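Notes for the one structure printed next.
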Amino acid sequence: MIESQPAGVRLTVVKVTTDQDGLYGYGCATFTQRADLVKPAVEKYLKPFLLNKTTDRIEGIWQSCYDSSYWKNGPVLNTAISGIDMALWDIKGRQAGMPVYQLVGGKCREAADIYGHADGPDYKDVVEAAKRYLAQGFRNVRVQVGIPGMAGYGAGRTGDAAVKALHDKPVFEPAVYIRRALKLLEVCRQELGEEVELLHDMHERVSPNEAVQFCKDAEKFKLFFMEDPLSPEDLGCFRQIRQNCATPIAMGELFNSPHEWIALIGERLIDYIRVHVSQTGGFTPARKIAVLAEMFGVKTAWHGPGDVSPVGHMANVTLDVTCHNFGIQEYSPFNDRTQEVFQGCPVMKDGYLWVSEKPGWGIEVDEKAAAKFPFTAGRNNLNGGWGEVRRRDGTVIKQ
Ligand code: MG
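Residue numbers for the sequence shown follow our numbering, so the first one is -9 and each next one is one higher.
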């Protein structure tokens, strides 16, 4: 296991070694919020289960790992399996002398169209951030704005004093957020024009009916997509959004189980499936999700934030360039320290992300460099876990 925090986020990568000199592979097993639990899931359970087995039967190994805990589809165990699964694809690519994208049939597009995160405390900050992306060649931006005195999602705090509340935790009020976000979309359309594609992430923070109304009110701004309007607990309400507006919907970064995505895709209730590939169990199940989605006219938009390791990002881009129903890819830049640890990160050029041409994932991990950035206790000493956000009266808000 390689654990490192080169950009302030806990990254975990599994290294699978073989009895052949110099033949090994890396897989993303990053679950930042519960990182310390993934390590024993791999080392105490999957490692003894897999020791002395062949590496070349990826599907069979995936199925046996998945079944070996009897209870399954949880985030820690899926992430652990992902570490093994992606490492086996890496090994197979190294054996073949080919990048993984060649093993699954080759490219059907040159590179992945991506979107950047344009955010800031106020509307003008977001517009400026978006213009910086456009100047780099981007065609798509996700826009998020701060809320005065509150903890908005995906944007910096404003300079305002915290709003009055019956507790001392960060405050979030759904109705205030929605009014502010709608205004942001209006400002962005005015300031950035009709040619840019706008995306917005609701991050599952509002009630089902508020979500329906927000998606309906946002329809006139012609978004590329509205992300996570509902939480996984409210999947039954996606039908209401569909019945009320044509705003394209992206959903799924919190999904772990086929029981969560099958109905949404099969009933064509979303436009983009947006799972976190390692949370589904790795590259192998993600390919199946893409095929299922293609059959129902749903496109892919794999989760690609900072809490995916570069190995996971390469798996994302590999899916992006090999699946016909690719929609868009979320982009997070790699800082210098991350590139020191992970040599061969996907390259961004002109607003596209490019897959490696080297064998396997094309990434080498410098374990000495990784050790220079150990996990820290993190914000509030929560070992990478998130804190809490509450309404003014103290009600917990989903994050
Ligand atoms: Mg999101």
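Just so you know, even glycine gets a beta-carbon here, dropped at the ideal spot from N, CA and C.
The model shown is predicted, which means the values in this text are computed figures rather than measured ones.
### Query
What is the chain-ordered set of residues for which the beta carbon lies under 6 Å from any non-hydrogen atom of the ligand MG?
Asp191, His193, Glu217, Asp218, Glu243
### Query
Nearest-angstrom Cα distance between Asp75 and Pro248?
Counting from 1 along the sequence shown, the entry for residue 75 is found at position 85. Counting from 1 along the sequence shown, the entry for residue 248 is found at position 258. So the alpha carbons of these two residues sit roughly 17 Å apart.
### Query
Below 7 Å between beta carbons: does that hold for Asn315 and Lys289?
Position 325 of the sequence shown holds residue 315. Position 299 of the sequence shown holds residue 289. Taking 7 Å as the Cβ cut-off, Asn315 and Lys289 qualify as a contacting pair.
### Query
Can you round the beta-carbon distance between Leu254 and Thr237 to whole angstroms, since I take them to be within the 8 Å contact cut?
Position 264 of the sequence shown, counted from the first residue, corresponds to residue 254. Position 247 of the sequence shown, counted from the first residue, corresponds to residue 237. Contact flag wrong, Cβ pair sits at about 15 Å.
### Query
With respect to the alpha helix (DSSP H) encompassing Ala25, which residues constitute its N-terminal and C-terminal limits?
As a working note, residue 25 is residue 35 in the sequence shown. Start and end: 25 to 30.
### Task
Enumerate in chain order the residues of its own chain whose CB-to-CB distance from Met390 is below 7 Å, with the five nearest sequence positions on each side excluded.
No answer is possible for residue 390: the residues shown for the chain start at -9 and end at 389.
### Query
If you count every other CB in all the chains shown that lies within 10 Å of the CB of Asp412, and 16 or more means buried, which is it?
Lying outside -9 to 389, the shown extent of the chain, residue 412 is not represented and no answer is given.
### Query
According to DSSP, is Ile137 helix, strand or coil?
Working through the sequence shown from its first residue, we reach residue 137 at position 147. In the structure shown, Ile137 sits in coil (DSSP, three-state: anything other than H, G, I, E or B).
### Candidates Asp224, Lys278, Ala276, His266: closest to Leu259 by CA position
As a first step, residue 259 must be located in the sequence shown, where it is residue number 269. Nearest C-alpha to Leu259: Asp224.
### Query
Which class does Val116 belong to by DSSP, given the choice of helix, strand or coil?
Residue mapping note: residue 116 aligns to position 126 of the sequence shown, counting from 1. Here Val116 sits in helix by DSSP.
### Query
Quick one: complete alpha helix (DSSP H) runs, 4+ long, within the stretch 3 to 58?
25 to 30, 37 to 40, 48 to 57
### Burial state of Ser54 (16 or more Cβ within 10 Å)
Within the sequence shown, residue 54 is the residue found at index 64, counting from 1. With fewer than 16 other Cβ atoms within 10 Å, it is exposed.
### Message
Measuring straight from C-alpha to C-alpha, what distance separates Pro65 and Thr270?
### Response
Position 75 of the sequence shown, counted from the start, is the residue given in the question as residue 65. Position 280 of the sequence shown, counted from the start, is the residue given in the question as residue 270. Each residue's Cα considered, the two are about 8 Å apart.
### Message
Check this for me: beta carbons of Gly368 and Gly374, under 7 Å apart or not?
### Response
Sequence index remark: in the sequence shown, residue 368 carries index 378 (1-based). Sequence index remark: in the sequence shown, residue 374 carries index 384 (1-based). Yes. Within cutoff.
### Message
Here's the rule: buried if 16 or more other CB atoms are within 10 angstroms of the residue's CB, otherwise exposed. What is Leu343?
### Response
Walking along the sequence shown from the start, residue 343 turns up at place 353. Counting Cβ neighbours within 10 Å, Leu343 comes out buried, since at least 16 surround it.
### Query
Where does Val90 land, buried or exposed, given buried means 16+ other C-beta within 10 angstroms?
In the sequence shown, counting from the first residue as 1, residue 90 sits at position 100. Val90 should be labelled buried.
### Query
Any chance the CB of Pro248 is under 6 Å from a heavy atom of the ligand SAM?
In the structure on display, the ligand SAM does not appear, and the ligands it does have are the ligand MG.
### Task
Can you tell me the Cβ-Cβ gap for Leu67 and Asn130, rounded? I've got them flagged as a contact below 8 Å.
Position 77 of the sequence shown, counted from the first residue, corresponds to residue 67. Position 140 of the sequence shown, counted from the first residue, corresponds to residue 130. Not really, about 34 Å apart at Cβ, beyond 8 Å.
### Task
For Gln319, count neighbouring Cβ atoms within 10 angstroms of its own Cβ and tell me buried if that reaches 16, exposed if not.
Indexing the sequence shown from 1 puts residue 319 at position 329. Gln319 is buried by the Cβ-count criterion.
### Task
Would you kindly report the start and end of the unbroken alpha helix (DSSP H) that includes Tyr60?
Stepping through the sequence shown from its first residue, residue 60 is reached at position 70. First-last for Tyr60: undefined, no H or E at that position.
### Query
Excluding sequence positions up to five away, which residues of its chain have a Cβ less than 7 Å from the Cβ of Gln23?
Here residue 23 is taken as the residue at index 33 of the sequence shown, counted from 1. If we look at Gln23 and ignore the five residues flanking it on each side, its Cβ neighbours are Gly374, Gly375, Trp376.
### Task
Can you say whether Tyr60 is buried or exposed, counting buried as having 16 or more other CB atoms within 10 angstroms of its CB?
Your numbering for residue 60 matches position 70 in the sequence shown. Tyr60 is exposed by the Cβ-count criterion.
### Message
Let's see if you can read the secondary structure: which residues bound the alpha helix (DSSP H) around Met304?
### Response
Position 314 of the sequence shown holds residue 304. That run of the alpha helix (DSSP H) goes 300 to 312.
### Query
Which residue or residues does DSSP assign as beta-bridge partners of Val355?
As a first step, residue 355 must be located in the sequence shown, where it is residue number 365. Val355 pairs with Phe332.
### Query
For the candidate residues Ile71, His303, Lys37, whose alpha-carbon lies nearest to that of His293?
In the sequence shown, residue 293 corresponds to position 303, counting from 1. Among Ile71, His303, Lys37, the Cα nearest to that of His293 is on His303.
### Query
Between Cys98, Phe211, Ala145, which lies nearest to Leu172 when the distance is taken from Cα to Cα?
Along the sequence shown, read from residue 1 onward, the residue named residue 172 stands at position 182. That would be Phe211, whose Cα lies nearest to the Cα of Leu172.
### Message
Helix, strand or coil, according to DSSP, for Leu174 in the structure here?
### Response
One-based indexing of the sequence shown puts residue 174 at position 184. Helix, per DSSP.
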